[in-house]
Ligand code: ADP
Ligand code: ADP
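Residue numbers (full-length UniProt numbering): 1 to 238.
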C-alpha cells in the first residue's frame, strides 16, 4: 500500500548563517494493506517529519513515496488534492487542530463541506461519525472548550474519517491526554481501524503503546531506521 524509498529531509534554519538539520537521513520501508506499522524512537529522531513528509504536509528533500501505485512524491500540488482525502493525519494535541470558534458538528463537517456534499447528507454523515467515535448527539452543538481532551480527540478522529480515508498517520495521538483516557482513545483507534479497513502509520516514543497497537515496527534513531521487525519477533522471550 505504501512504499517509502531513500527518503531524506534536511531543514535549513537561519537566514544569515545557515544551518542544516538532517531530520531524515535515508529512510526506506513499506507498509502492507491493513497493517498498523509503528515508528518508535526518542524525541527529535525525525518521526513527525517522516509522517508529515509521507503526506507531503512537509516537502521531502529527496526520495520516493509510492501510495497504491501512485508516486505521490512527484505529484503536483494540484494532483495531490485528489489523493489527500485518502490519507489523513492525526496529531497529538486536539486543541491545536480544532477551531475554537466552531462547534464540534461544524468541525467534523469541514472536509465534507469542502467536497461540496449535499447539506442533508452532511448532517447524516456527521451524526454517524459522532456515533462511531463514541461521542453523543448533544456534543454536535458544543464547542471544543466545552468538551474534555479525550472527547476532542474523538472529534479529531471523526473529522479524519469523514472522507473515508484508507491510510492514517497517527502522530503521538494520545500524548496530550491523561493516562486513563489514553487507553480509551487507543482502543477506539484500533476499533475504527478494523471498521474502516484502514492501514495505519502509528508514531510514538512509547514502546509499550507501539507494542499494543502495531503489527510491525521500525526503530528510528537520528533520522534513520535502525531496525524493522514484527511485534512477535521484538517481544519474543529470549
Ligand atoms: P520527533 O517527531 O521524533 O520528535 P521531529 O521530526 O519533530 O522529531 O524532528 C527531527 C529533527 O528536525 C529535530 O532535530 C528537530 O529539531 C528538527 N525539526 C523539526 N521540524 C523542523 C522545522 N520546521 N525546522 C527546522 N528543524 C526542524
Ligand atoms: P496549502 O494548501 O496552502 O499548501 P497546507 O499545506 O497546510 O496548505 O495544506 C494543504 C492541504 O492539505 C489542505 O487543503 C488540507 O486539506 C490538507 N491537510 C492539511 N492538514 C491535513 C491533515 N492533517 N491531514 C490531511 N490533510 C491535511
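A virtual CB, placed ideally from N, CA and C, is assigned to each residue, including glycine.
Run the proximity test for residue i: is its beta-carbon closer than 8 angstroms to any non-hydrogen atom belonging to ligand 3?
i	result
residue 109	Among the ligands present in this structure, namely ligand 1 and ligand 2, ligand 3 is not found.
Distance check for residue j and residue i, CA to CA, integer angstroms please.
i	j	result
residue 40	residue 120	42 angstroms
residue 38	residue 136	31 angstroms
residue 205	residue 217	12 angstroms
residue 230	residue 34	14 angstroms
Run the proximity test for residue i: is its beta-carbon closer than 8 angstroms to any non-hydrogen atom belonging to ligand 1?
i	result
residue 45	yes
residue 50	yes
residue 89	no
residue 13	yes
residue 205	yes
residue 21	yes
residue 42	yes
residue 134	no
residue 220	yes
residue 26	no
Give the C-beta separation of residue i and residue j to the nearest angstrom, bearing in mind that I take them to be a contact with Cβ-Cβ under 8 angstroms.
i	j	result
residue 2	residue 31	4 angstroms
residue 57	residue 89	7 angstroms
residue 139	residue 100	About 15 angstroms separates the two Cβ atoms, so there is no contact after all.
residue 132	residue 192	7 angstroms
Taking all protein chains shown into account, do 16 or more other C-beta atoms lie within 10 angstroms of the C-beta of residue i, making it buried, or fewer, making it exposed?
i	result
residue 223	buried
residue 180	exposed
residue 6	exposed
residue 16	exposed
residue 116	exposed
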